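The numbering used here applies: residue 15 is where the sequence shown begins, and numbers increase by one.
Ideal placement from N, C-alpha and C gives every residue a C-beta, glycine not left out.
As the structure is a prediction and not an experimental result, all values here were calculated from the model.
Have a look at the structure below, then the notes.
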Amino acid sequence: MFFFFFNDTATTEIYTLSLHDALPISKKVESINSINVITEIVEVDPKDLKTFSENLLKNVKSAVVAIACKTDSRCQIFIKISPDLVDKNIFANDLIKAISPIINGGGGGKKDQAQAGGKDATKIFEAFNKIKTIIKEK
15 MFFFFFNDTA TTEIYTLSLH DALPISKKVE SINSINVITE IVEVDPKDLK TFSENLLKNV
75 KSAVVAIACK TDSRCQIFIK ISPDLVDKNI FANDLIKAIS PIINGGGGGK KDQAQAGGKD
135 ATKIFEAFNK IKTIIKEK
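What follows is the structure in structure tokens.
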């Protein structure tokens with residue numbers, strides 16, 4: 015697990031730090047069926063998950079990025095897919111639909127990015143494992 019700690023009152027600092035601190039996570043790539051996969055819990059504001067995932071993808075180029083953050087017992091998961099993998103029929107909205115019930119939530123999105131909110135943050139790793147299983151079956 016890799017955690018980031020930010021000052022909630024400094025939105026500009028959160029944004030700058032999240033852009034900078036995406037680099038260490040981008041080195042935590044797991045290869046599944048020759049597809050790069052990054053799954054990680056981060057401590058950022060939920061509204062920054064999209065920007066954070068985009069910056070991870072800039073560093074890796076080709077990957078499925080699934081990042082999550084927790085707020086008390088709730089969680090948010092954001093999935094970003096690189097264009098080359100969308101061309102291979104790996105879709106963020108399909109992955110979100112598959113994992114939303116695991117975290118007792120719901121969500122949606124587009125082929126290249128999707129987000130879900132859930133009421134059970136204890137199930138984030140189970141959701142990440144489901145993503146990996148789906149990719150293994152591709």
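In the DSSP annotation of this structure, the continuous segment of the beta strand (DSSP E) that includes residue 85 starts and ends at 78-85. Out of 50, 108, 75 and 113, the CA that lies nearest to the CA of residue 82 is found in 113.
Contact annotation, residue 49 with residue 78: C-beta distance approximately 6 Å; criterion of less than 8 Å satisfied. The C-beta of residue 47 has fewer than 16 other C-beta atoms within 10 Å across all chains shown, which makes the residue exposed.
Residue 91: not part of any alpha helix (DSSP H); member of the beta strand (DSSP E) spanning 88-95, first to last residue. Taking 8 Å as the cut-off, the beta carbon of residue 94 is found closer than this to the beta carbon of residue 71.
DSSP places residue 46 in the strand class (E or B) of the three-state scheme. Contact between the region 57-70 and the region 106-123 is absent: fewer than three C-beta pairs spanning the two stretches fall below 8 Å. Shown here, residue 117 sits in coil according to DSSP, grouped into three states, outside any helix or strand. For residue 134, the CB contacts under 6 Å within the same chain, skipping 5 residues up- and downstream, are 117 and 118 in chain order. Pairing residue 121 with residue 88 gives a Cβ-Cβ distance that is not under 8 Å.
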